[in-house]
Amino acid sequence: MSDPESAVGTRPQGRRRLERRMILEAGAAFIDEHGLRQLSMRQLGAQLGVEAMSLYRYVPSREDLLDGIVEVVLDELSDDPDVHLVPTDGWQDYLVRLAHGLRRIALAHPLVFPLVATRPPEAPWIRPPLRSLRWIDSFLAALKGSGFGDEAAVGAYRAFSSFLLGHLLLEVEAMGAEISPVATSEPSSETSTDLSEYPHVERLQEQLSEDRSAQEFEESLENLLERLATLL
Numbered sequence: 045m046s047d048p049e050s051a052v053g054t055r056p057q058g059r060r061r062l063e064r065r066m067i068l069e070a071g072a073a074f075i076d077e078h079g080l081r082q083l084s085m086r087q088l089g090a091q092l093g094v095e096a097m098s099l100y101r102y103v104p105s106r107e108d109l110l111d112g113i114v115e116v117v118l119d120e121l122s123d124d125p126d127v128h129l130v131p132t133d134g135w136q137d138y139l140v141r142l143a144h145g146l147r148r149i150a151l152a153h154p155l156v157f158p159l160v161a162t163r164p165p166e167a168p169w170i171r172p173p174l175r176s177l178r179w180i181d182s183f184l185a186a187l188k189g190s191g192f193g194d195e196a197a198v199g200a201y202r203a204f205s206s207f208l209l210g211h212l213l214l215e216v217e218a219m220g221a222e223i224s225p226v227a228t229s230e231p232s233s234e235t236s237t238d239l240s241e242y243p244h245v246e247r248l249q250e251q252l253s254e255d256r257s258a259q260e261f262e263e264s265l266e267n268l269l270e271r272l273a274t275l276l
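Under this note's numbering, think of the first position of the sequence shown as 45, with each following residue one higher.
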């Protein structure tokens, strides 16, 4: 005779209790592992051990799923202890922390980050990659509280977004992320390029091939902060 207590809360094999955030987090994890092109309701349902139709109660469409995945990934900013919602040591320190927090997200989810960069925003004035209303408001408040005027704060937000978007997309692309809707074939390692007409490239090709992403990020960020200071 089976123990009745052991049967409490049991479900048929292959089924589990669902909730929206669980599905979105599973979607982000699926893209991290398999890439965006492989994501479908059927594949995600299989990963969660449910039928695809079960997901539609929580995510009405694939588009809603993708938007939700972006939100979940950006939520990691709030859990990052090194990122402050309110400046604690000046506006420059605030922006440095925010920039590094976004970069950590991009490097942790390189195959998801193009979604952060390309999903249509809910309003035309929201710019990726900082597309959370909470953080946009925090950004503007931080600069306004530090003496920036309205126009200067908005200009800083645009410049900050453009800097991060360009740099981080290049970084995740180098990590294998597909940032174009059209798949591109990888260059063959056996193919060599004639650099004889480009002597500087030929002479410096070893240095040009070095991965200096971290150093370039720091230098570009420092230059950006210095330029934004002139808006005060």
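In this text, a Cβ means the ideal position worked out from N, Cα and C, and glycines have one as well.
Per-residue burial, residue i [other beta carbons within 10 Å of its own, 16 or more giving buried]
i: alanine 152; result: exposed
i: arginine 147; result: buried
i: histidine 211; result: buried
i: tyrosine 138; result: buried
i: arginine 86; result: exposed
i: serine 253; result: exposed
i: valine 117; result: buried
i: glycine 112; result: buried
i: glycine 134; result: exposed
i: proline 56; result: Residue confidence is low: proline 56 scores 40 on pLDDT, short of 50, so the model does not pin down where it sits. No coordinate-derived value is stated.
i: glycine 189; result: exposed
i: arginine 175; result: buried
i: glycine 193; result: exposed
8 Å contact criterion, which residue i and residue j should meet: CB distance rounded
i: arginine 141; j: valine 130; result: Actually they do not touch by this definition, with Cβ atoms about 11 Å apart.
i: leucine 187; j: alanine 203; result: Wrong, their Cβ atoms sit about 11 Å apart, outside the cutoff.
i: proline 173; j: valine 160; result: 5 Å
i: leucine 110; j: leucine 99; result: At roughly 13 Å, the Cβ-Cβ gap does not stay under 8 Å, so leucine 110 and leucine 99 are not in contact.
i: leucine 239; j: glutamine 251; result: About 14 Å separates the two Cβ atoms, so there is no contact after all.
i: arginine 171; j: serine 205; result: 4 Å
Residue i Cβ short of 6 Å to the ligand PLP heavy atom set
i: glutamate 77; result: For the ligand PLP, the structure offers nothing, since it holds no ligand at all.
C-beta atoms of residue i and residue j nearer than 7 Å
i: proline 125; j: alanine 221; result: no
i: serine 257; j: glutamate 215; result: yes
i: phenylalanine 74; j: leucine 83; result: yes
i: glycine 191; j: leucine 276; result: yes
i: arginine 64; j: tyrosine 102; result: yes
i: leucine 268; j: phenylalanine 207; result: yes
i: alanine 143; j: leucine 265; result: yes
i: isoleucine 223; j: leucine 209; result: no
i: glutamate 115; j: isoleucine 149; result: no
i: methionine 219; j: proline 165; result: no
Starting from the N-terminal side, write out each stretch of the alpha helix (DSSP H) that is 4 residues or longer and does not extend beyond the stretch 96 to 183.
-> 96 to 99, 106 to 118, 120 to 123, 135 to 152, 157 to 162
Is the stretch 83 to 98 touching the stretch 62 to 71 in the sense that three or more CB pairs, one from each, lie closer than 8 Å?
-> yes
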